[in-house]
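Residues 499 to 1609 in our numbering are what the sequence shown lists, from first letter to last.
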Amino acid sequence: MAKVTSASSSGTHLVSSDVHIVNGAVWQDTELGDDGELWVENGGTALNTLVDQGDLTISAGGLASGVTVTGDDDENGFLEAYGGLLEDATFTSTGWGIIEQGGTAHSVLLMDGGYIEVAGTVDDATLRGGSMRVDSGAIVRNVTLEQNGGMLIESGATVTGVTLGQGASFSLQSGATFTNVTVASGGRLDVDSIPADGVTIDDGGSLDFSALSWDDAATAQIVGDPILDVTAKGVTSSVTLDGEYTGEHFVLSSDGQGGTLATLEVDDGTPCYCAGTLITTDHGDIPVEALQIGDRVVTASGETRPIHWIGHRSYSGRFASRNPSVLPVIFTAGSLGNDLPRRDLWVSPLHAMFIDDILIPAVLLVNGQTIRQAERVDRVQYFHVELESHDILLAEGAPAESFIDDSSRGMFHNAPEYAALYPDTQKKPARYCAPRVEEGVLLETVRNRLNQTDRPDNTEQPSDSGHLEGYLDAVTHTEIRGWARWSDSAEPVPLRILDHGICIGAIMADLTRQDVGMACGFRFIVPRGLSPHQRHMIDVQPLHGTGQLGHAPWGLEPVVETQAETRTTHPAPSHSLRGWVDLVSRDRIAGWAYNPATPEVPAPLQIVVNGQLRASTVANGRRPDVMEAGQGPEGCGFDFLLLPPLSPLTRHTIEIRWAVNGSLLGAPAVLPQADSFDPDLEQAVQTAVSSAESLETQNHVLSFLLEQVDRLKQVRADTATDHARMALSRQLARRGYAELITLAPKALVIDSALPDGQRDAGSVAILSHIRALQTLGYQVTFVAADGMGTQAPFPVPDVMVCNVPFYNSVEEVLTRHANSYDVVYLHREHVASRYMTLVRQTQHRARVVYAVADLHHVRVARQAVIEGRPELLATARRLKASEYEMTRKADVVLTHSLAELDLLRRDVPSATVVHAPWAVPIRKCVPGFQNRTGLAFIGNFSHSPNADAAHWLVDEIMPLVWKQSPDIICHLVGSAMPERIRRLASDRVHIRGRIPDLSSILDQVRLTVAPLRFGAGIKGKVLDSLAAGVPCVMTPIATEGLILPKALTKLVGTGNANLARLIVRTHTNRNLFNQNSKAGQIYIRGHHNEQCVAQSLQIALRTASDIQQAG
């Protein structure tokens, strides 16, 4: 034990034993290793502590700040505060802790499986996927439950200041104090089963009156201080609230369990039909409220389709009148043309009508005459019909959309019904049956037609019907002159000046023209002049109406032949057009604009890219934010998609011009050429590849791309292995300079497949060794010889995995990373025999480690004897020759088994063989004997010894057990379980299959059994059982290679009767269980910890280095 009393200590500390911080000492940046215990006692302070393996204890007068308690499938950290103060703490994964009576914690975050038990005091806690238990007498203040946070509050506990978010769950025992509760959006409080004082509801929060039977006629009203009264079927239930509410805000629906749910809701305008709307079905027109699931409706295409679901919602007139997003839009009969709708059609504002093959929300078609939005209603009831996919229904004969769930289903008051009807439905992205248009030229065209006008330029048309007369007299790079008039009017004509269709200005034709005899001339001075380096096509058009002047369009050729940058004229920014450009990208341009002189008329705009007219649009999209800010009308937005997007390979200058006079909306935007491989560049490459049509072009493109891929793969390999820095380091050393560059050593680990610690012991072992290599300072790279296509994340962080598409084989990894590794670790014989030679050829300075896992030839030879299969003896001899050959070729051999260590040293005396165990985490909390029953056999059944053992156990051993204790249940657990094992199932043999978390079964049974008749190496199932505090009855084969303490050797037996006797005795004797449980954990803690593994590998690599240097 170390006692730290110094004033301060900084730098990273790895604590692997007991350390006590006392008397004013400050201990910073600490990580607790296996067996590490940090005690923060009176006057001591610990800052920034990572507890991922050991224990952190805070006693009276101690302070720990910036603590993270975490863990993984193998081991977890633990914190206990007997007193003192814990602040700014995070508990995550399997990390957990206890705040004992007298302990205090401030600012605690529990996430992703983190857990604490509180007997003291906690202030300011957030449960985000974590959970908390509050014991009697404990106090918790200001706690937020969100994202599946869970809380258990026991009798006598006090919890105040609680915010419940979506997915929060908790249990409240009688006698607990639960006050000042806020139900946030998506949160839910059962007021009948969980009494609470001082309840506040946010928009979207719900109160569940679970004891109040749901009734469609249920009502809600606010009375008193306020008190929410909910009445259903003549029964009223009440809850006292904090805050200001209006009863109309609470929407009632079924809670899905027969109770009544009251939700404080602000509507977002989900599209619907009003009650009374006639929908065309295969049985004629039926009111929407009378339709039922399964009825067949007729779509606009003439197809009949069944109804999948019907949503409904309703609002009082008082609430609807304050919410324009709820007030219905009324299409009077015939307002859509062709005598449609047949009757007045009432729909919600965002309900889309199908017009000219596009979908347009109803509110965008309002004209104040034939189509208008209601200002007041007594009550509004909405219904919407959902089919299996989005389609067009016939409502009052007019085509209109069916419901589509774009995350809006929750706005319906019967939304829980859908989850009950279709519990297995997977959320899918919304797919519309037609384009949805909310702005632009198409919308304006439809609106003009419905309004029986023809105003393509969005300005008022003159009442006369005369034609345009006039000529372009002269066009230069600085001046445009001519005259224009209407044939039957003396009023001056407003004109637009265009260059290649781009408006560059506007002018009034009101100059005196003696030759024409009236004031109809114009002279336009081009701002900054037309570029002399470009060809121009000048046209002059009337601002209102149509017509063509003589001599127009007028072509203007370049004065000089140069490659100057393409540009248009540069008019001053508009002083009449108001607006803002919100976004300019290679695929989208958005903003808002309007003319203050005529705000009701949408402004026509031109999108100019690199001096070329790219598109025209109209600023008529909905922008309620502009209107609410007092900056302009609501219908002034534009959001234009550039299809195809602009090339990322070149620089682009983008201008947004008012089509009336060419003035700019803001300064031109410049998009620079892409200097990285961003999504736009990806799209450009994809387009270029897709455009290669001929075989010759395809061959050229493919050859070029493959060459670039090969070059990039090599560059990536050099980057991953610090190739350039290694070369520089060698050059400095050759020239006599001190080695200025320090590089971490690199290790390459090769196995046949990606390791899965829940699949087999070999995976557990190699993962443990990889962690040990990292502990020793190595940068680890992993490659799976037979799993190059596996894309699953690697179980250990900070390990580089070489797989497709960057590498296609182990051979490619070794050649591209030539002379990059200090250690190459080959796992198992079949991997070593395949790659040993190539490793020697490509990694000249690497120490080659051969990890046998277990000696396969020993296992196969034993199997041949047990199963009476002499043909396996030949296989065993071949395996022995190969394993011993690899043993001789490797620099060092690792084995987990002490028995195999002796065998290899005896048979291959020239080899260097080192015993290297793997680490097994200790189960900190072991359930007691009385809370357990039954036994388990655990193993991977693709491994033949395990399948043989399971049959022997069930067929021969368990019948003898059941004669003495018929109630003992046998659980068969493990992956890759064949059908012949599953057929062993009975009422006393439970087939469990693969269990991702073995702690669930190891915490349940009183013992495990390992009745192996053949095999080799160390048995992972035995180590896991002992580490979990579960005694294991074993055969000598199962214990081979382990030096067990005397207490555990008494669990080893042979023969059916002897093993059955040990099973019954272990299952029924509490004292024996406790002794063996403790002995097993002590053994694992002493022989299979991370420190032992790291020391073994360090010895092995040092020995290999000595041998390599001597050679």
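Even glycine gets a Cβ: it sits at the ideal position worked out from N, Cα and C. These numbers were taken from a predicted model, which means no experiment stands behind them.
In this chain, Leu1433 is not harboured by any alpha helix (DSSP H); it is covered by the beta strand (DSSP E) spanning Leu1433 to Ile1436. No residue range can be given for Ile791, since it is assigned to no beta strand (DSSP E) and is classified by DSSP as neither H nor E.
Here the C-alpha atom of Pro1464 lies approximately 28 Å from the C-alpha atom of Thr1537. Nearest neighbour of Thr1010 by Cα position, chosen from Val1297, Ser669 and Arg1021, turns out to be Arg1021. Straight through space, the alpha carbons of Ser1442 and Leu1377 are spaced by roughly 16 Å.
In the structure shown, Ser1442 adopts helical secondary structure according to DSSP, grouped into three states. For the 8 Å CB-CB criterion, Ala1091 and Ala1127 do not form a contact. Under DSSP, Cys931 forms no beta bridge with any residue. Here Ile1087 is buried: its Cβ has 16 or more other Cβ atoms, across all protein chains shown, within 10 Å. Between Thr1373 and Thr1340, the C-beta gap is not smaller than 8 Å, which leaves the two residues out of contact. The shortest CA-to-CA distance from Met1016 to any of Trp981, Gln1502, Ser1523 and Arg945 is the one to Trp981. Taking all protein chains shown into account, Lys1519 has 16 or more neighbouring C-beta atoms within 10 Å of its C-beta and is therefore buried. In the same chain as Leu1401, and ignoring 5 residues on each side of it, the C-beta atoms closer than 8 Å to its own belong to Leu1353 and Val1356, in chain order.
Cβ-Cβ separation between His1469 and Arg1490: approximately 5 Å, consistent with a contact (criterion under 8 Å). Around Arg1480, the same chain offers Ile1489 as residues with beta carbons nearer than 6 Å, after the five sequence neighbours per side are excluded. With a 10 Å radius around the Cβ and a threshold of 16 neighbouring Cβ atoms, Phe1512 comes out buried. Contact between the segment 851-869 and the segment 917-935 is present: 3 or more CB-CB pairs across the two stretches fall below 8 Å.
In the three-state reduction of the DSSP assignment, Arg811 falls in the strand class. Excluding residues up to 5 positions away in sequence, Val1406, Ser1408 and Ala1409 lie with their Cβ nearer than 7 Å to the Cβ of Arg1386 in the same chain. Excluding five sequence positions before and after Leu1542, none of the CB atoms of its chain fall closer than 6 Å to its own CB. Runs of the beta strand (DSSP E) lying entirely within the segment 1149-1227, each at least 3 residues long, are 1150-1156 and 1167-1169 in chain order.
For Gly648, same chain residues with a beta-carbon under 6 Å away, outside a window of 5 residues either side, are Ser629 and Ser667 in chain order. For Ala718, the three-state secondary structure derived from DSSP is strand. Collapsing the DSSP output to three states places Thr1410 in coil. A contact between stretches requires three or more CB pairs, one per stretch, nearer than 8 Å, and the segment 733-740 fails this requirement with the segment 793-805. At a Cβ-Cβ threshold of 8 Å, Gly1539 and Ile1561 do not count as neighbours.
Where Ser751 is concerned, the enclosing beta strand (DSSP E) starts and stops at Phe748 to Ser752.
Shown here for Val1308: same chain residues with a beta carbon closer than 7 Å to its own, the five before and five after excluded, namely Ile1248, Val1281, Ala1283 and Tyr1333 in chain order.
Closest in alpha carbon position to Ala1050, among Leu1041, Leu1595, Met1035 and Thr1044, is Met1035. For His1469, the uninterrupted beta strand (DSSP E) segment begins and ends at Cys1468 to Val1471. Judged by DSSP in its simplified three-state form, Gly964 adopts coil rather than helix or strand. Scanning Arg1269, Asp633 and Asp1446 for the CA closest to the CA of Glu652 turns up Asp633. Straight-line measurement puts the Cα of Pro1170 at about 43 Å from the Cα of Gln664.
For the 8 Å CB-CB criterion, Ile805 and Gly792 form a contact.
In the three-state reduction of the DSSP assignment, Thr1393 falls in the strand class.
The beta carbon of Ser1145 lies closer than 6 Å to those of Ala1182 in the same chain, with the five residues before and after it left out.
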